[in-house]
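Below is one structure; the comments refer to it alone.
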Amino acid sequence: MLELINPVVIGGGVAVAIFFGILLCLIVGRWLGQRAMARDGAAGVPNVGSLEAAVFALLGLLIAFTFSGALQRFDLRRAQAVDEANAVGSAYLRIDLLPASAQPALRESFHNYIDARIATYSRLPDIEMAKRELARSNHLQGEIWSQAVAAVRIPEGRSETELLVMPAINQMFDLATVRVTATQIHPPLVIYVMLIGLALAAALLAGYQTAGEKGYDWVHKIGFAAIVAFSCVASALVRPNTMPEPPRTCCHSATTMTHEMK
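Letter by letter, the sequence shown follows residues 17 to 278 of the working numbering.
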């Protein structure tokens, strides 16, 4: 089944939580540093600059790897969209090999199927409508298969037609399944937990390091929290199960075919 999340709701909620969590860690870190200064004096506060740099470096590395994996999955999904469009085009062209009496109904089913496949993505971010279109396309798969089986068994058809038509239709269905399965492939949850945990730990150390400052520049602190929160959420939500609509160039052949059938 298609697994979707709403990036506006989930991403916005997580971003806000990380933003305020970083601000809180900055305040707590500064408070801890000031307590250490009050107890031991300025000389008694350890310099955590090297530790802070190491944590920030690890955070940046983890964000970079997360973005890299997300972009690879996004490129893979674009390639899968092209493969499915090509498979649909090949299967549609091979309808010409079937007996003329069976072609109109099968072409009409293809027309409806292509509309449902395109609508599965164009309906987003309306998740319920996207799932409804996916269910309609799954139903049409069974209809197309039944019509194709009946068509290749018509006596006036050629014997080799089944070997050309049925594998093409099967590949078209397989690629649709591959694209749906791709929505369930994403990094383990522990990666995102570690990403958020490192962001909070870096903020805590950064706040501790500012304990000796006389003033407290909230502009820089808010800017730091916003940038880190945005980076964490953006890298986590650029993933297959957000199901962005495929680029129109990837679906050009399927869209053109739909207009021709209309």
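Heads up, the beta-carbon is just placed ideally off N, CA and C, and yes, glycines get one too.
- The way I'd put it, the stretch 207-220 does touch the stretch 71-88; three or more beta-carbon pairs between them come closer than 8 Å.
- Around the beta-carbon of Gly-49, 16 or more other beta-carbon atoms lie within 10 Å, marking it buried.
- The DSSP-derived three-state label of Ile-170 is coil.
- Boundaries of the alpha helix (DSSP H) harbouring Leu-220: 205-225, taken from the DSSP string.
- Going by C-alpha positions, Ile-238 is about 39 Å away from Thr-197.
- Taking a 10 Å sphere around the C-beta of Ile-243, we find fewer than 16 other C-beta atoms and assign the residue as exposed.
- Only residues of its own chain outside the window of five on either side were considered, and among them Tyr-129, Ala-132, Arg-133, Thr-136, Ala-192 have a CB closer than 8 Å to the CB of Ser-153, listed in chain order.
- The Cβ neighbour count for Leu-179, taken over all protein chains shown within 10 Å, is under 16; the residue is labelled exposed.
- Setting aside the 5 residues that flank it on each side, Phe-246 is surrounded in the same chain by Ala-31, each with a C-beta closer than 8 Å to its C-beta; the list follows chain order.
- Contact between the stretch 160-176 and the stretch 106-124 is established, with three or more Cβ pairs separated by less than 8 Å.
- Judged by DSSP secondary structure, Ile-201 falls outside any alpha helix (DSSP H); it is assigned neither H nor E.
- Excluding the 5 residues flanking it on each side, Ala-167 has same chain C-beta neighbours closer than 6 Å at Leu-114, Ala-118, in chain order.
- With respect to the 8 Å criterion, Gly-45 and Leu-220 are classified as neighbours on the basis of their beta carbons.
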